[in-house]
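In short: position in the sequence shown from 1, add 457, done, that's my numbering.
Just so it is clear, CB atoms sit at the ideal spot from N, CA and C, and this is done for glycine as well.
Keep in mind it's a predicted model, so treat the numbers as computed, not measured.
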Amino acid sequence: MSRLRAWGAPDAALASTTPADALVPEATERWVRAVDVDAPPALLWRWLCQLRAAPYSYDWIDNLRRRSPQQLTPGLERLEVGQKLLITFRVAAFTPGEELTILTRPRSRLLPPFAVSYLIDPHGGGSRLTAHVRVGQPSALPRPVARAALGALCVGDLVMMRKQLLNLKRLAERDVPRGPA
458 MSRLRAWGAP
468 DAALASTTPA
478 DALVPEATER
488 WVRAVDVDAP
498 PALLWRWLCQ
508 LRAAPYSYDW
518 IDNLRRRSPQ
528 QLTPGLERLE
538 VGQKLLITFR
548 VAAFTPGEEL
558 TILTRPRSRL
568 LPPFAVSYLI
578 DPHGGGSRLT
588 AHVRVGQPSA
598 LPRPVARAAL
608 GALCVGDLVM
618 MRKQLLNLKR
628 LAERDVPRGP
638 A
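Below you can see the structure in the form of structure tokens.
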């Protein structure tokens with residue numbers, strides 16, 4: 458089960474503290490997804506901000522069959538707390554070029570509160586993009602049902618988040634300026 462909770466990152470990363478922790482202090486689930494990117498942090502940040510336009514996951518599921526933009530959209534890096542992104546999330550906090558934290562608190566008590574802190578760190582000659590996910594308990598579900606639902610959500614999140622991170626990696630690496638050969 459640890460590979461489901463910590464993909465691309467060591468298990469120790471599950472214990473790290475991020476801004477998402479303060480947003481869902483009652484979190485019963487902690488997941489980490491990470492990928493190394495051969496692109497500078499500033500370029501990767503611009504691609505991360507594209508989440509305002511599209512999810513960059515499996516578009517046929519997450520984006521109503523519309524293709525996520527394959528070119529940077531000017532201005533999307535101008536974030537504001539409270540801005541909507543990824544359909545149900547809002548920008549909760551950010552540090553340009555370093556961190557974007559998003560939050561959803563569903564109106565239904567059948568769904569859990571969910572926060573994600575995306576962190577960009579310089580790594581080697583490029584960057585490391587890490588998503589720290591915090592998920593609370595769905596308050597209307599009995600504990601055994603909630604535990605099973607959260608297990609299924611963990612698997613689904615891994616599939617979708619992995620695709621998202623790999624797409625952002627691919628696009629950022631593609632856009633790295635190349636010198637003369």
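- For Thr475, the number of other beta carbons within 10 angstroms of its own is at least 16, and it is reported as buried.
- Residue pairing for Asp578: DSSP places it in a beta bridge opposite Arg585.
- Note on Thr558: 16 or more other CB atoms within 10 angstroms of its CB, so buried under the neighbour-count rule.
- By a beta-carbon distance limit of 8 Å, Phe571 contacts Thr561. Their separation comes to about 5 Å.
- Ranking Ala550, Val612 and Ser584 by CA distance to the CA of Val489 puts Val612 first.
- Shown here, Leu533 sits in coil according to DSSP, grouped into three states, outside any helix or strand.
- Sequence-distant partners of Leu607 (beyond 5 residues in either direction) whose C-beta falls short of 6 Å from its own C-beta, in its chain, are Glu486.
- The residue from Gly582, Ser574, Leu471 and Pro599 with its alpha-carbon nearest to that of Val548 is Ser574.
- Burial is judged here by how many other beta carbons sit within 10 angstroms of a residue's own beta carbon; Glu555 has fewer than 16 and is exposed.
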